[in-house]
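In the UniProt record's numbering, the protein residues as written are 1 to 157.
Cβ coordinates follow ideal geometry from the N, Cα and C atoms, glycine included.
Quick caveat, the model's predicted, so the values are computed rather than measured.
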Amino acid sequence: MEGVNHMKRYRSMKIKEIIQSQVIETQEELAEALQKEGIAVTQATVSRDIKDLMLVKIPYKDGKYRYALSTDNQPVMSKTHKSILFQEAITKIDSTMNFVVIHTLPGSANSVAYIIDQGHEKEVLGTIAGDDTILVILRSPEDIEVFMKRIQQLLES
């Protein structure tokens with residue numbers, strides 16, 4: 001088991017190096033970059049590593065997004081960047097009781113969920129993100145209106 005942990009640490013270190021030195025837009029590009037470094041990985045492994053390292057997609061030019069490290073000492077994403085991400089990524093929003101389901105473009109759900117989680121809004125208990133869908137769990141049904149208003153402001157600004 002120690003060999004597996006060592007390989008994972010090495011792979012994590014390489015992923016950080018790669019995304020800081022290259023523009024990596026997709027999981028496939030990250031897997032290819034790792035393979036060039038002699039590290040064979042599956043798509044599922046790359047996806048898990050992205051979650052474990054809490055990588056986020058940030059806008060970088062012409063409406064494109066790239067992977068970046070997410071650390072608490074990085075500047076908080078500006079409202080403008082949040083708006084751009086939400087406007088480009090979110091395709092549909094539904095709600096019932098104290099749940100909100102946000103549909104995004106494929107591959108964008110984790111980035112949107114990360115921003116929602118980092119907002120530390122008191123009405124949000126948490127999020128669960130897949131590839132293109134996010135479940136937002138709110139404290140009460142009454143919080144839906146406040147949360148939806150906040151999302152709508154980001155989508156319109």
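- If you draw a straight line from the Cα of Arg66 to the Cα of Phe147, it is about 27 Å long.
- DSSP places Val101 inside the beta strand (DSSP E), whose first and last residues are Phe99 to Thr104.
- Secondary structure note for Ser47: it is in no beta strand (DSSP E), and the uninterrupted alpha helix (DSSP H) holding it is Gln43 to Asp52.
- Within the same chain, Thr104, Pro106 and Ala109 come within 6 Å of Asp132 by CB-CB distance, once the 5 residues on both sides are set aside.
- The beta carbon of Ile58 sits closer than 6 Å to the beta carbons of Ala68 from its chain, once the five residues preceding and following it are set aside; these are given in chain order.
- Cα atoms of Pro141 and Leu154: separation of roughly 21 Å, rounded to the nearest angstrom.
- Under DSSP, the beta-bridge partners assigned to Tyr67 are Lys57.
- Ser111 is classed as buried because its beta carbon has at least 16 other beta carbons within 10 Å across all chains shown.
- For the pair Ile39 and Ser47, the Cα-to-Cα distance works out to about 15 Å.
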